[in-house]
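The structure appears below as structure tokens.
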Amino acid sequence: MSELSQQPPSYSLRLQKTGDEKSLSPKAFVALFLRTWPYLKPQWPHLSVWIVARFSIELIWLFAALVAFDLFNNKVLVGEKLQPSQVTLLFLDDSYGTDFFDQEESDSSDTAPILTSEQRREVRDRLMVLFCFAATFIFILGPAVEYYRTWILQRVNQFLRVTMVERAEHLSLRYHSHARTGDAIYRLYQDSAMITSVIERILLEPVVAIGQVFFSFFVLCLFSLTLGLMFIGGIIPMLWLIVWYTPRLQIRSRRARTSNSDLTSRIQEGFAAIRIIKANRAEPILRQRFNNDSTTALDAAFYLRVEYMLMRMLLLFLVGIMMIATLFLTAGWTIAEDPTFLAGTVALVGFAIWNFGAFQAVQSRTSEFLLNGMDLVRIWSVLQDMSVGLDRAFFLLDLEPDVVDDDDAVQLPRPIQTITYTDVTFGYDPDLPILKGINLTADVGTITAIVGTTGSGKSTLMSLLLRLYDPDSGSITVNGTDLTHLQIDSLRAGVAIALQQNTLFATSVADNIAYATTDVDRQGIEAAATVACADEFIRSMGNGYDTELGERGGKLSTGQRQRLSIARAVVRDTPILILDEPTASLDAETEHQVLANLADWGRERIVFLITHRLSTIRNADQIAFLENGEIVELGNHDTLMAKSDGRYRRFVTAEVDIAPALETPK
Amino acid sequence: MTDITPDANAPAEKPQFDDRIDTETRISNLEVARILGRCLGLLRSFPKLFLGKLGLSALAIIPGLYYQWIPKIVIDQVILQKPIAETETPFPPHMAPLVNTLAGLSPMEILAVVTAFLLVLLCVVGRGGTGAYFSQGEDSATQSENEMNRGGSGTGGILGLADAFVQIRLSQQLTNRLRTILFQRMARLPMTTLDDHRIGDAVYRVMYDAPMVPGMCYQVTLEPLFMIIGALISLYLMHYSYGDVAPQLVWVAAMMIPCALLVTVPFSSLARRVQQDSRAAGTATTNAIEESLGNISAVQSLGGMTREKDRIDKQSTESFRRYRHIKIVEILLRFATFLLLVGMAFWVTIFSTDLIIAGDMSPGDYGVLYGITLSLGGTAIGLGRFWIDLQGNAAAVRRVFFFIDLPSEDEGAALPSVGPLSHSVQIENVDFTYPDGRTALKHINLSLAPGELVAIVGPTGAGKTSLAYLIPAYISPTSGHVLFDGKDTGKVNLDSLRDQVSYVFQEHLLMSESIRANLLLVNPKASEADMQNALTTAGAIDFVNALPDGIDTILGRSGDTLSVGQKQRLCIARGLIRNTSVLILDEPTAALDPQTENALINALLEAAKGKLVIVIAHRLSTIRQANRIVFMEDGEITDIGSHEELMSDPEGRYHHFVELQGGSHQT
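These protein sequences, in sequence, are chains A and B. For reference, each letter of the first sequence is one residue, going 507 to 1172 in the numbering used here. For reference, each letter of the second sequence is one residue, going 13 to 679 in the numbering used here.
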């Protein structure tokens, strides 16, 4: 049957790769993160200040901890004497310190010199004061840095978002006709947001974590080579696990993102078509589809997390084993008072044999080593998800608009004289040409009517003039200059179009009319509305020109929307005007008035008119009759009517035959 | 970039942004409590998951009880080699079995036993917590993903994994339940409300507001519960072991919780407001993106790309700015509570070192004490923060409940149903005024019967569509009644009424799915032959068959790859396939050439036998075929009758109307 009967794809724990779910190659993975640089670069001054500030906070903590650890554990809690540097740091007198002689003695005897209770308190108090200084500094700097960080990262994200929006706005309609709006929303929000974490996940966190891993590892090796070797041995299975899980995480992440973007599209499309849904009582079906999509998206998110947590659990198990082994070994060595490997000779550590202090130090270094190692794993996993997000964000940027400016593109020539189509062929799908060998010339001051059966390519012919698409072959020129040599913005600024689908935006009436212009005042807007015969009904609305229109202009009737569309085209005061079925939904009286106004206004311009209405067609300077994408007849009403078996003549006769009433009343 | 120059559209001046329906966003603490209650109601739907989570989380407390004490044994009994009997402070009762085993053993033996014990713990409960938290952005919307998949465990290993799985599933179920209800309710809003409803707003509420509900549920149930249990256990242990030596410690630690709440509660109203504003700004951004990309062909044709980019840029900047306000509140809060915690840590350190120096406690005790007080302090801060976080969740969930509470068309589900139209549709003395004050219909009286083809004719803006909207009750009369086979449409089950009416709109909206799916959407039971018939009647069969995939061709967005006339015919086919007793066509042929139109009208006449067909049209060729013509002007019916009858009155408005249309055809 249809999509309705399709079950949501089942997400078993077993992962089956489908074609577009390939994981990223290592090279592509690196390239993705390199690509974020242009978006980070403008914020680089801020980023560096932030990074420096952040590291200084960390350094202060680290320094405070380093100083405090030995002082607090061994001196305050146990009562050992201080080392000379510690005495100086805390501004204490020499009676607190070990002199050279004492130190020599302490190495060879069990009875180390001991601080008095009074002295221990004094050391503690001074230590607390020192800590207070560090804390105050961090208290002030910390929140400021935190806010600064958000501010910078939002700017990075904003830059990427806007670049993506700009690209999306400019992508050709060929792309948009296959893309879904919800997908764009998802890419703009969720996928682009991944860039905010790049600095931290790629630069800061790994640097800190790697630094600490190596430092702790080095210190641990000083204490015991056995420990060092044990850790290296333990890392091998961990690495294997990570390598095995990496592509799985990427694929799960892509599924989660794709299904969530589908869900977003489902909501967007559902509400864009809500009238249709309501009119046809399709709410239960829509709800069912929503529920399927929602469940699929949630399942995908769940299995991404399952994958991640399983990997983490296995890794943590290995880590736990290593920690217990360390505990067992070092506690054993401490009981036996074995000598340490090299720790005694390194001033920083000062543990020649395994004692309480050495045990404590090794315990905390081991934790540091392993937990930072785990943190690296976490970062790596999160990076996989981020890479997929960034890949999806950059996908949009990688799409080249089909229609781009030439390097030496020029402005639209003015005053405008002629527009010429030469042998133009085009199809949305190149295999199915919509237009075939079109030749047409329109001069300034004339109205060209484009007539033909539904689906004969009339609107497409005009899309080419706007360069919404470029012809597959042949050319369109303005005053002899090929359209492809014109700047797109300049061209579109010179063409006003009243669309067949009169799209309105959910802003005020005035904003809708002035949509495509920037420099028009209220007078100009009202004048345009008057030409379009819209002034009267606009004024009759609650707030006149400031009345807010509903979503997609939903509060107006089609005829009213059509007139606003015309006003929107007129207000731009451009040399080229395209009216695509401008009056289809207007009653005859209004239509006459609008057309009369337009004829008056249209002198000095080139006007194209797509229409079925004979009353409109008859007054055109030339009529192009289209059939199956070809102009089969070209000329004015009288010439074409003169052809005894002409297509146009048949078209007109058909119209008149169908409506004999037209002739009967008079 | 933080400063936005104010102009007419500046969001900074309009705190409500695009919201035209949901305009009153401030809520009191009482309403927060009410929202909380409703969230708890949602939890009731998932008793197994919730109880499972509760049980697993309770189990997850246990390992912490042991892990805390192991270091003390290792330090005091193994490294410092004190006999167990000589410990300054007693072990808590749950440690007794282990401690008894250790009594009398040598340090090396104790070490071996402890190591074995740790290995067992590692296998069952792992080490550390379990959780899955992925990178997120710097605004409310991008953080929803982590919110709706919220879950984790205080412990690791198999137990932690199970605990986290259950919670993630629970979070997802809660989100799914709420957003499905929301989606359904929004789709059931009355047409007049939907006019004011932005699509981006719907996306935002379903995708980014609803996921805040799991957090809300946990913050009233699991999180405080376990925080308090944890705190009580810590307090008890502290009291048991240190109550005699240092009773002050216990009391100070216990005081932390009320203190933290005192610090944070004053922030609550502010926290709600900044959240609300951030979400409103996010909605405005979503609206801008949706509107701009959803109408891309109009935007590009009108050269509005730069304008649209600037608009989204501005909205997005504003939404980021609003998010920073949340950040400021958060930072202030953290600052205040952190101060509290540090003060506490200071005091504990000084107090306990005094005891250690005096020999009343061992150095190993310091670690335990410090750990317990820190975790108590953390609990206190957590509880304080939890109250503030709750405000953010409440702000988001309020936005969801707002739409769930709006009157919708589900209200009349219990009312009597109507069947296929057998006698008549009577419109009696109907006036209709839109909510914004525009009067659309005045004193309408009309009787319609099956077997009729009725044309509604009149100048643009005369109220033709409003009149047609009355029949399927898309709008309800401001005064007067619409009777469907004698039953007042205001007092029947709306679904049953709409089952009888097919309405083909002026806009030709198709879903970006296959043509087949578009047809099945409105009638899932349609057979292949039904579809072929509908397409044939609508005059669409030829071009559909010419498409590369025929009826299975996937249409582009809003059917962009088809011409307007083709889309119009597909829409008509969609209206026909439901085969209802009433068919309303709103300007069905505006974009069709006369030949196609003629064929279509004849086909419709054939297909519509025994049904009531209403056509809104301007074209004489269409109008003339009607059995009756209803001529409207300024919201009133001025003439009713057949073409011939109406034409016979040379002064009639209809006559005038026809003359105008025909005038230019005279050669």
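By construction, the Cβ of each residue, glycine as well, lies at the ideal position given by its N, Cα and C atoms.
Taking C-beta atoms under 8 angstroms as the contact rule, I956 (chain A) and I1116 (chain A) qualify, at a distance of about 5 angstroms. Under a criterion of Cβ atoms nearer than 9 angstroms, no residue of chain B is adjacent to H552 (chain A); the nearest Cβ is some 12 angstroms distant. Per the DSSP secondary-structure output, I649 (chain B) pairs in a beta bridge with B:M644. The Cβ atoms of F1131 (chain A) and D605 (chain B) lie no closer than 9 angstroms to each other. If you compare the alpha carbons of A:A571, A:D937, A:G1056 and A:F932 with that of D978 (chain A), the shortest gap goes to A:F932. Taking a beta-carbon distance threshold of 9 angstroms, Y545 (chain A) does not count as an interface residue toward chain B. Around the CB of V44 (chain B), 16 or more other CB atoms lie within 10 Å, so the residue is classed as buried.
For F332 (chain B), the enclosing alpha helix (DSSP H) begins and ends at M317 to I369. Sequence-distant Cβ neighbours of L666 (chain A) in its own chain, meaning closer than 6 angstroms and more than five residues away, are Y545, S698 and I701.
The residues E645, in chain order, have a CB closer than 7 angstroms to that of P471 (chain B) in the same chain once the five nearest residues on each side in sequence are set aside. Residue burial is scored here from C-beta neighbours: R920 (chain A) has fewer than 16 other C-beta atoms within 10 angstroms and is therefore classed as exposed. Nearest CB-CB separation between V584 (chain A) and chain B: below the 9 angstroms threshold. Apart from sequence neighbours up to five positions away, the residues of its chain that approach T167 (chain B) with a beta-carbon distance below 6 angstroms are A72, P75 and V137, ordered along the chain.
For E525 (chain B), the three-state secondary structure derived from DSSP is coil.
Contact fails between the segment 76 to 95 of chain B and the segment 48 to 67 of chain B, because fewer than three Cβ pairs, one in each stretch, are under 8 angstroms apart. Between the segment 434 to 445 of chain B and the segment 457 to 465 of chain B there are three or more inter-stretch CB-CB distances shorter than 8 angstroms, so the stretches are counted as touching. The straight-line gap separating the alpha-carbon atoms of R336 (chain B) and A214 (chain B) is approximately 24 angstroms. Take R626 (chain A), set aside five residues on each side of it, and the residues of its chain with a beta-carbon closer than 6 angstroms to its own are V582 and G585, in chain order. The three-state reading of DSSP puts Q438 (chain B) in strand, counting E and B together. For T451 (chain B), no alpha helix (DSSP H) encloses it; the enclosing beta strand (DSSP E) starts and ends at T451 to L460. By the Cβ-count criterion, S771 (chain A) is buried, with 16 or more other Cβ atoms from all chains shown falling within 10 Å of its own Cβ. N535 (chain B) and A615 (chain B) have their alpha carbons spaced roughly 21 angstroms apart. Proximity of chain A to T127 (chain B) at the Cβ level (cut-off 9 angstroms) is accounted for by I830, A831, L833, F834 and A837, in chain order. Contacts with chain A at 9 angstroms (Cβ-Cβ) do not include I468 (chain B). A Cβ-Cβ separation of about 6 angstroms places T1122 (chain A) in contact with T1089 (chain A) under the 8 angstroms criterion. For T1117 (chain A), there is no enclosing alpha helix (DSSP H), as DSSP gives it neither H nor E. Taken atom to atom, the span from the alpha-carbon of E672 (chain A) to that of H493 (chain B) is near 51 angstroms.
Between N405 (chain B) and M224 (chain B) the beta-carbon gap is near 5 angstroms, inside 8 angstroms, which marks them as a contact. Here L595 (chain B) carries a strand assignment [DSSP, helix/strand/coil]. Below the 9 angstroms Cβ cutoff, chain B contributes no neighbours of M736 (chain A), its closest Cβ being approximately 15 angstroms away.
Around the Cβ of N112 (chain B), a 10 Å sphere holds fewer than 16 other Cβ atoms; the residue is exposed. DSSP places D207 (chain B) inside the alpha helix (DSSP H), whose first and last residues are M203 to D208. Listed along chain B, no residue sits closer than 8 angstroms to D768 (chain A) by beta-carbon distance, the nearest being about 12 angstroms off.
If you draw a straight line from the Cα of L876 (chain A) to the Cα of M634 (chain A), it comes to about 30 angstroms. Interface flag for V1138 (chain A) against chain B is unset, since no Cβ pair is found closer than 9 angstroms. Taking the C-beta atoms as reference points, L810 (chain A) is found nearer than 9 angstroms to A144 (chain B).
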